[in-house]
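The next block holds one structure in the form of structure tokens; read it before the comments.
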Amino acid sequence: MNLRKLILMFLGMINATVYADGSDRYALATGASAASRLTTQDKLLRTRSYHHLNQAGLSEGKTVWDIGCGNGMMTVYIAKAVGPKGHIYAMDASQEQLNIAKKNVEEAGLHNVTFIHGDIQSDKQHLIMHSADIVYARMLLMHLPDPEKAIANIKLILKKNGILASQETIMSSGYCSYHTEEYKKQVEAMVSLGEHLGVDYDIGNKLKNLYKSSGFTKITEDIEPVYIPSEMGKEMINGGLREWKDKAILANIITSEDIKRWENIYNNMPTDDPTFILAFNVAYIIATI
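Residue 127 in the working numbering sits at position 116 of the sequence shown; the count goes up by one each step and never skips.
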């Protein structure tokens, strides 16, 4: 085990997703340690995500792959929508995330979900070729070092005329009206950390071209802002910072003084300011092979 992995273990970040090549490229926490942030994120995104899936033709009897299913928030919605005549394959590279997803599905009383522990970039042995009416991927490619390989494997899963519904952030578009310049520095640090880890947190900007160059057709793209209420915004900023700060310091992207300054600013951020704005852009793609 290399020195970097030992340091990450010491810092308590071993829950981060480890990919098939042995790399740890996930800046944020996963599993139980990220539950609060992921729940908040789902509350912010779910309504538009439901609409996105409905645009892709989600309906009773469909077979859907939920790639990068995480804690299963969307898996539950999809499983209910396709009903007992449909089926969901929920895949994630993190076993801890899958365990939470399984619990959420069981608590919802659903029996039409198969869980797959695997990396869509490399674990082709887990894929069922030409099985999916729809492949759904929310905030997946931004965490992958080889998104083109992931897209190639997604194509293998889809039936002829199958539909991909893909959703990714454009992190550098993030804006906060509270201490705007300090928030901008945070966003820049996070994007730089992604580059250091070999991933692209601005991949939403490139999404349409990625799918076009991979052979997808009939591509529609919508780029829309997500507005975050101040109370949720405070939780998202502070929770996210707690999860990625140690990696950013280790990579010499920020200093401990930066962290202390940001924690002081955003821990004291008011949650009752009617003029508060926190937003970022999300790209929504629907594409056919």
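For every residue, glycine included, the Cβ atom is placed at its ideal position computed from N, Cα and C.
The C-alpha of Gln-106 lies about 28 angstroms from the C-alpha of Gly-244. Assignment of Met-102 by DSSP, reduced to helix, strand and coil, places it in the strand class.
Collapsing the DSSP output to three states places Met-150 in coil.
Between the alpha carbons of Val-93 and Val-146 lies a gap of roughly 13 angstroms.
Here the alpha carbons of Ser-70 and Glu-159 stand approximately 28 angstroms from one another. Under a 10 Å Cβ-count criterion, Ile-174 is classified as buried, with 16 or more other Cβ atoms of the shown protein chains found around its own Cβ.
In the three-state reduction of the DSSP assignment, Gly-244 falls in the helix class, which pools H, G and I.
Around the Cβ of Gly-79, a 10 Å sphere holds 16 or more other Cβ atoms; the residue is buried. DSSP, read as helix, strand or coil, puts Thr-282 in coil. Membership of Val-210 in any beta strand (DSSP E) is not indicated, and neither H nor E is assigned to it by DSSP. Judged by DSSP secondary structure, Leu-167 falls within the alpha helix (DSSP H) whose first and last residues are 158-168.
For Pro-236, the beta-bridge partners assigned by DSSP are Asn-292. For Ile-111, same chain residues with a beta-carbon under 6 angstroms away, outside a window of 5 residues either side, are Asn-82 in chain order.
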